[in-house]
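Student: Counting along the sequence shown from 1, when you hit position 125 you're at 1513 in this note's numbering, and nothing is skipped either side.
My structure is below; once you've seen it, I'll send some questions.
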Amino acid sequence: MPLLHQVVDVLETLYPLRYAQDWDAPGLVVGDLLDPVRRIAFATDPTMAVIRQVVNEDCDLLICHHPLLFRPVHEVAGEDIHGRIITLLSRAHCALWVGHTNADSAYRGVAQAAADAFGLTRQRPLTPIDDPLTVHKVGLGRVGELREPVSLEVFAHTVADALPHTELGVQVAGPLDAMVKSVCVLPGAGDSMFDEVRDSGVDVYVTSDLRHHPATDAMERARYEASLRAHGIEIGRGDDQPRPLLINTPHSAIESLWLNYAMEDVPQAIERATGESVQRPRPIAINTDPWTLSIQE
Ligand SMILES: [Zn+2]
C-alpha cells in the first residue's frame, strides 16, 4: 500500500502548491506521513457530515477543495468545530489534504474541469501562471469558446445541467436572447476579477458568489458601453450587447466538477509513482452548498 507521504508527493505534483495564491495555505492538514493509504474519499468541503461519512467508511485520506482551517485556530480540543473535526480524523487515522487555489490553477484542475463541463474549446487561463515545469497552460480561470454561438438562456441551461442539483440554482444577468460564444469560467467567488474578465473580451462570465454591488456595477457599465458602441463609439470589446453577461453558480457545486477529474487522475498517478494501487474512490454524495431552500415569488 502507498504511504501518506508518497500520496502527498503525488497530489502536490498534480496540484503544485506553488500555484496557490499568497493568502492560501493548501496541502496536508491532518495525517501521519507513514500511515498506509488504501481508501481515498473526495469532497468539496470538509463539513461535519462529510467527516462523519469518511470516518464511518473507514477512509484513510479525505481530499477536499476547501480548507478546514482558514482563519487562526487556537485549540483542537473540540470546543471549536474545527478542533473537533481534527480530533475525529486523527482518531480514525484519516488524513486530510486540501487542494484549494493550487487546484484551481492546475492542469485538469477546478477551472479546467468546469470549462470542459460547459463545452469550452480553445481554453487559456484568465490569469496565466508561468510554469516552466509543465507543458500545460495553467493559471486561474479559463477563457474559451463554445463550438456554436447560443443564446444566453440556452448557455445558462447548459451550465445548470452540468452542475449537481442545489437549492440555490443558477442566476443570470443580461438579455436572455443575447448570443454568446466566448466564455470566461472562474469557479468560486469571482467578483474581484471583473476587470480581467472585461479585458479578456468574453461574451459571458460564469462564476459564483456574485454580490449585489459588484454585479450591478459591472452590468451597468456593460449596458452603458453597449449603448455607446451602438452610436459608433469604440469602447470595451464586443457588439451591441452588454458584455460580459453574467451567470452566477452555486459555489461548491461548480467546484465539485473538479472531483470527477481528481477521482480519475489521483489513483492513476499514485499507481504510476509508487507501483501500488488504492481502492477505486468515490465522491461523498453530500451537497455542501449551505442553502436548503430558495423561494421564488
Ligand atoms: Zn471555493
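Ideal Cβ positions, reconstructed from N, Cα and C, are used throughout, including at glycine.
Small disclaimer: the values here were computed from a predicted structure and weren't measured.
Tell me whether Asp-1579 is buried or exposed, calling it buried when 16 or more other Cβ atoms sit within 10 Å of its Cβ.
Tutor: The residue given as residue 1579 occupies position 191 in the sequence shown. Buried is the call here.
Student: Is the segment 1549–1566 touching the segment 1510–1520 in the sense that three or more CB pairs, one from each, lie closer than 8 Å?
Tutor: The segment 1510–1520 is not in contact with the segment 1549–1566.
Student: Identify every run of the alpha helix (DSSP H) within the segment 1580–1647, keeping only runs that are complete inside it and at least 4 residues long; order them along the chain.
Tutor: DSSP runs (the alpha helix (DSSP H)) wholly in the segment 1580–1647: 1582–1588, 1600–1618.
Student: Closest to Ile-1642 by CA distance: which of Ala-1661, Gly-1471, Asp-1412, Asp-1597 is it?
Tutor: Position 254 of the sequence shown holds residue 1642. Comparing Cα-Cα distances from Ile-1642 to each of Ala-1661, Gly-1471, Asp-1412, Asp-1597, the minimum goes to Asp-1597.
Student: Measuring only from the beta carbon, is Gly-1576 closer than 8 Å to any heavy atom that is part of ligand 1?
Tutor: Translated into the one-based positions of the sequence shown, residue 1576 becomes position 188. Because some heavy atom of ligand 1 lies under 8 Å away, the Cβ of Gly-1576 counts as near it: yes.
Student: Tell me whether Ser-1640 counts as near ligand 1, meaning its Cβ is closer than 8 Å to at least one heavy atom of that ligand.
Tutor: Here residue 1640 is taken as the residue at index 252 of the sequence shown, counted from 1. Yes.
Student: Beta carbon of Ser-1596: closer than 8 Å to some heavy atom of ligand 1?
Tutor: Here residue 1596 is taken as the residue at index 208 of the sequence shown, counted from 1. Ser-1596: yes, Cβ under 8 Å from ligand 1.
Student: Taking 8 Å as the cut-off, is the beta-carbon of His-1347 closer than that to any non-hydrogen atom of ligand 1?
Tutor: Outside the modelled stretch of the chain, which goes from 1389 to 1685, sits residue 1347, for which no answer is possible.
Student: Just how far apart, CA to CA, sit Glu-1467 and Asp-1397?
Tutor: As a position in the sequence shown, residue 1467 is number 79, starting the count at 1. As a position in the sequence shown, residue 1397 is number 9, starting the count at 1. Answer to the nearest angstrom: the Cα atoms are 33 Å apart.
Student: Could you please give the first and the last residue of the uninterrupted beta strand (DSSP E) stretch that includes Val-1573?
Tutor: Along the sequence shown, read from residue 1 onward, the residue named residue 1573 stands at position 185. Unbroken beta strand (DSSP E) run through Val-1573: 1567–1577.
Student: Under DSSP, the alpha helix (DSSP H) around Val-1666 begins and ends at which residues?
Tutor: Here residue 1666 corresponds to residue number 278 of the sequence shown, with the count starting at 1. Segment: none, Val-1666 is in no alpha helix (DSSP H) and carries neither H nor E.
Student: Can you tell me which of Ala-1431, Tyr-1649, Gly-1415, Val-1425 puts its alpha carbon nearest to the alpha carbon of Leu-1457?
Tutor: Sequence index remark: in the sequence shown, residue 1457 carries index 69 (1-based). Nearest of Ala-1431, Tyr-1649, Gly-1415, Val-1425 to Leu-1457, Cα basis: Gly-1415.
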